[in-house]
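In what follows, a structure is listed as structure tokens, so that the remarks can point back to it.
There are 2 protein chains.
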Amino acid sequence: MKAEIISVGTELLLGHTINTDAAHVARELSALGVDLLHAHVVGDNAGRLEDALREALTRSDLVITTGGLGPTDDDLTKETVARVTGAPLEEHAASLEQLREYFGSRPMSANQRKQAFLPRGSVAFPNAVGTAPGCAVPAGDGKFVILLPGPPSELLPMLREHVTPFLQRYAHGAIASFMVHTFGIGEGAAELRIKDLTGGANPTAATYATEGEMFVRVTAKAADAAAAEALAAPLVEAVRERLGDVVYGVNVSSLESVVLPELIRRGQTLVTAESCTGGLLAKKITDQPGASAVFGTGLVTYANEAKMRLLGVPEDMLRAHGAVSPEVARCMAENARTRYNGDFGLGITGIAGPDGGTPGKPVGLVYIALSAADGVWLRVMRPQGRYLGRDWTRNRAAGHALDLLRRYLFGLPMNPD
Amino acid sequence: MKAEIISVGTELLLGHTINTDAAHVARELSALGVDLLHAHVVGDNAGRLEDALREALTRSDLVITTGGLGPTDDDLTKETVARVTGAPLEEHAASLEQLREYFGSRPMSANQRKQAFLPRGSVAFPNAVGTAPGCAVPAGDGKFVILLPGPPSELLPMLREHVTPFLQRYAHGAIASFMVHTFGIGEGAAELRIKDLTGGANPTAATYATEGEMFVRVTAKAADAAAAEALAAPLVEAVRERLGDVVYGVNVSSLESVVLPELIRRGQTLVTAESCTGGLLAKKITDQPGASAVFGTGLVTYANEAKMRLLGVPEDMLRAHGAVSPEVARCMAENARTRYNGDFGLGITGIAGPDGGTPGKPVGLVYIALSAADGVWLRVMRPQGRYLGRDWTRNRAAGHALDLLRRYLFGLPMNPD
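If you read the protein sequences in the order shown, they are chains Y and F.
Numbers given in the numbering used here equal positions in the first sequence, counted from 1, plus 1127.
Numbers given in the numbering used here equal positions in the second sequence, counted from 1, plus 1127.
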């Protein structure tokens, strides 16, 4: 089964909005084993949308549109699909009922009511969050156009709860895709280690580098999900083995999503002390539901005064070594742990930039320390090559802190091999 | 001048990567007044990329590709563009020199060296961050194909420093685009207020809703940037006036980017005390370079024990009202300010979910307080409609805290009108 995505919205072509919808839809199609060979963006323009729909229907079995279903005048997707498929818009009773529920006692305008009109013969997909329902419109020869709303918070639940079950009846075969996530290795080095594993056609392995992270994707295609997974599994294992302990997980979302469950399993607690990351590490930790079981206290000691008062960093030490120093990072981690009764303390101090650097302590220099009952471990991030920005630097520093803790918790060497 | 974007990468069609590159390129083209009418994604497949390139060149003057320039075997963009434009790949001396500098004393593989090959007659764009240079390849009839690397950290500086100056010579006319950002109004309500302003063809105004935020985009097209801005300005003012004090800025990146400079200008300091947002508010504040002038201490008091110890929240109060209560939010804000010598204190306590709700205190209930020398102000976020998730809830709560401070700093009513 071949599919294409057509994302509708002038804001996408002006670069005001990033097309996350297409990625969400692509991921679901991939999991269903549907081949997505094209994705397009068109503006809020009925003529170009019509051209794109007609062309897509000549070569694909399934066309999924995102956006243009709302109440405003430039929401044109439904009208255009109705024209292309020859199915006139009709009021859909259940969708109107849901709109009425949504508005309750508030008045509903004619434009709002327009959202309850669907092309004749559609299968409606209720909107769990917003007002515009989605739908699947038959387009002849067993083909379908599926219309989804633009806001990701509306699209995502509709996709999972309604569209995927709808498509499962049509999809043949399945793709299994595994992401082997790493921290502490570059793409070039990773490629060298797995070079001879990347030549196959099914399963395949390929390296990808994103902002501050490198991962390997292993993909296999087979008759069903279980067969595809079984086909991919040995290659996933081989990649893991080659890359070694820089691999922090397969199909996990982040370092913190690996570290927090392990802390919770062990019933051990963590205290954070952050200077240049300014709360980012605590934020990442508390992104994880259930973090409260192991994380009670986080300190953002951006100023020296806060480092002294909340963490007891000695004024002498700050004067002698400066706030950005291995001594202060260690002291922050150690005192965070001991003063606030944690099993672990993490301390981060550095210069995230773009300003504040000196020849001796350049922008990008960050010290990261982990304190546990049996020792303190230090990482140094030194500026390498060109400065990649404040966000990158802070994110990377928080990653190093989580990686130190991961290595301790899983009994790995404290530095990448 | 008409342009299209072709993004190359199987990871985009599998949904593993979100296409931020296309948004970055689209924004630059829009600023240059270049009409972007189409954007596509194709996988790492030379045949489909070739088809897409040939089709794009029949109807557009400029085709910009992103991705597929790296050293690995599935990086095929350069080879395919060379075939389509008939310009063979040749070693480019300056690019090879830059590669040599990048690698320094480390060995450079043949695959790495491949990156210094460019189609004959290209204008090279050096890569300030990574290894693969970009280039502009003449495609006949005054048309060009511009090749850019996939990693956004490489693409962005290349775009700004090299591609925009290159294109400025070819672009005719300019688009001015203004984003009027709001906090505290829904899309429906905003549309009603500006309904009669949204009908024009040039300038145009349109509402957009993204995750937890609503903005109005005003766009005008004219012969040059100054004329386009002058054309848009009266409509921007009219939109601002209609929407009132929910507007926090025009062409600003975030609430914090408005609040922090004003705090810095006033020389006033802020202390944060966060429970459910777990550091997110401090992180947003310290996203702003220069935050250290006004932000020295942030407290993540996730546990009751931390609320008592660091903020002096009375145990009796926690027992009587619970940690998620107006009393505790006020006390957190007030004591953050007084104990840590700030001019302002912000306190947040709530239930971000997905677990931890009770009938009396459901998931999504958050109390947010601002303390200043002359009073304490409270906001309540009550769950409305369906639960939109932990990230949404935390982000919205931090937004409310920043909006309270914004209203105080700019002398506005403390709640939206």
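All C-beta atoms, glycine included, are put in the ideal place defined by N, C-alpha and C.
If you're wondering where the values come from, they're calculated on a predicted model, not measured in any experiment.
Interface residues of chain F facing residue i [CB-CB closer than 8 Å]
i: Asp1470 (chain Y); result: Going along chain F, no residue has its Cβ under 8 Å from Asp1470 (chain Y), so there is no contact; the nearest lies around 14 Å.
i: Asp1530 (chain Y); result: Neighbours of Asp1530 (chain Y) on chain F: none; closest Cβ ~19 Å, over 8 Å.
i: Pro1481 (chain Y); result: Pro1416
i: Asn1146 (chain Y); result: Ile1145, Asn1146, Ala1149, Ala1150
Cβ-based burial, residue i [other Cβ within 10 Å; buried from 16]
i: Glu1401 (chain F); result: buried
i: Glu1368 (chain F); result: exposed
i: Ser1236 (chain Y); result: exposed
i: Thr1485 (chain F); result: exposed
i: Gln1225 (chain F); result: buried
i: Arg1464 (chain Y); result: buried
i: Phe1537 (chain Y); result: exposed
i: Gln1242 (chain Y); result: buried
i: Ala1353 (chain F); result: exposed
i: Arg1227 (chain F); result: exposed
i: Ala1220 (chain F); result: exposed
i: Arg1509 (chain F); result: exposed
i: Thr1185 (chain F); result: exposed
i: Gly1394 (chain Y); result: exposed
i: His1299 (chain Y); result: exposed
i: Gln1511 (chain Y); result: exposed
i: Met1341 (chain F); result: buried
i: Ser1380 (chain F); result: exposed
i: Glu1383 (chain F); result: buried
i: Asp1530 (chain Y); result: buried
i: Asp1148 (chain Y); result: buried
Best match in the options for proximity to residue i [C-alpha to C-alpha]
i: Val1385 (chain F); options: F:Leu1358, F:Pro1416, F:Glu1364, F:Ala1355; result: F:Pro1416
i: Pro1481 (chain Y); options: Y:Gly1474, Y:Arg1521, Y:Arg1457; result: Y:Arg1521
i: Pro1543 (chain Y); options: Y:Val1373, Y:Ala1360, Y:Val1264; result: Y:Val1373
i: Val1345 (chain F); options: F:Val1256, F:Met1306, F:Glu1138; result: F:Met1306
i: Thr1207 (chain F); options: F:Glu1228, F:Val1169, F:Ala1460; result: F:Val1169
i: Gly1277 (chain F); options: F:Val1190, F:Leu1139, F:Asp1351; result: F:Leu1139
i: Val1250 (chain Y); options: Y:Lys1241, Y:Leu1497, Y:Leu1275; result: Y:Leu1275
i: Gly1474 (chain Y); options: Y:Leu1408, Y:Val1290, Y:Thr1144, Y:Ala1130; result: Y:Leu1408
i: Val1190 (chain Y); options: Y:Ala1209, Y:Leu1390, Y:Thr1325, Y:Ile1132; result: Y:Ile1132
i: Trp1519 (chain F); options: Y:Lys1129, Y:Asn1146, Y:Cys1262, Y:Ser1280; result: Y:Ser1280
i: Glu1217 (chain F); options: F:Gly1248, F:Gly1405, F:Leu1176; result: F:Gly1248
i: Pro1260 (chain F); options: F:Phe1230, F:Leu1223, F:Ser1232; result: F:Leu1223
i: Arg1175 (chain Y); options: Y:Phe1342, Y:Gly1160, Y:Thr1204, Y:His1151; result: Y:Thr1204
i: Asn1378 (chain F); options: F:Thr1212, F:Val1398, F:Glu1356; result: F:Glu1356
i: Leu1159 (chain Y); options: Y:Gly1483, Y:Ser1304, Y:Ala1149; result: Y:Ser1304
i: Arg1154 (chain F); options: F:Val1427, F:Ser1452, F:Leu1283; result: F:Leu1283
i: Lys1488 (chain Y); options: Y:Gly1406, Y:Val1161, Y:Ala1450; result: Y:Ala1450
i: Val1135 (chain F); options: F:Val1161, F:Leu1370, F:Ile1273; result: F:Ile1273
Helix, strand or coil at residue i according to DSSP, with G and I counted as helix
i: Ala1525 (chain F); result: helix
i: Asn1462 (chain Y); result: helix
i: Asp1414 (chain F); result: coil
i: Thr1144 (chain Y); result: coil
i: Gly1472 (chain Y); result: strand
i: Phe1271 (chain Y); result: strand
i: Leu1223 (chain Y); result: helix
i: Phe1230 (chain Y); result: helix
i: His1308 (chain F); result: strand
Interface partners of residue i on chain F, CB under 9 Å
i: His1167 (chain Y); result: His1165, Ala1166, His1167, Val1168
i: Met1306 (chain Y); result: His1143
i: Ala1328 (chain Y); result: By Cβ distance, chain F contributes nothing, its closest Cβ being about 12 Å from Ala1328 (chain Y), past 9 Å.
Contacts that residue i makes with chain Y (C-beta to C-beta distance below 9 Å)
i: Leu1426 (chain F); result: Thr1424, Gly1425, Leu1426, Val1427, Leu1437
i: Trp1519 (chain F); result: Ser1280
Partners in chain Y for residue i, counting only beta-carbon separations shorter than 7 Å
i: Gly1484 (chain F); result: The contacting residues do not exist; Gly1484 (chain F) stays about 12 Å from chain Y at best.
i: Glu1318 (chain F); result: Thr1199
Interface residues of chain Y facing residue i [CB-CB closer than 8 Å]
i: Lys1488 (chain F); result: None at all; the shortest Cβ gap to chain Y is about 15 Å.
i: Glu1454 (chain F); result: Near Glu1454 (chain F) there are no residues of chain Y at all, since even the closest Cβ is about 20 Å away, more than 8 Å.
i: Asp1201 (chain F); result: Ala1333
Interface partners of residue i on chain F, CB under 7 Å
i: Lys1410 (chain Y); result: Gly1405, Gly1406, Leu1407, Lys1410
i: Ala1400 (chain Y); result: None at all; the shortest Cβ gap to chain F is about 11 Å.
query = Taking contact to mean at least 3 C-beta pairs separated by less than 8 Å, is the segment 1428 to 1436 of chain Y in contact with the segment 1441 to 1459 of chain F?
reply = no
key: Meets three-Cβ-pair contact criterion under 8 Å: the segment 1178 to 1192 of chain Y and the segment 1315 to 1334 of chain Y   = no
query = Does the segment 1518 to 1532 of chain F come close enough to the segment 1473 to 1493 of chain F to have 3 or more Cβ pairs within less than 8 Å?
reply = yes
Meets three-Cβ-pair contact criterion under 8 Å: the segment 1306 to 1317 of chain Y and the segment 1279 to 1294 of chain Y = no
inquiry  = Below 8 Å, how does it come out for the segment 1446 to 1463 of chain Y and the segment 1498 to 1512 of chain Y: are there three or more Cβ pairs, yes or no?
reply    = yes
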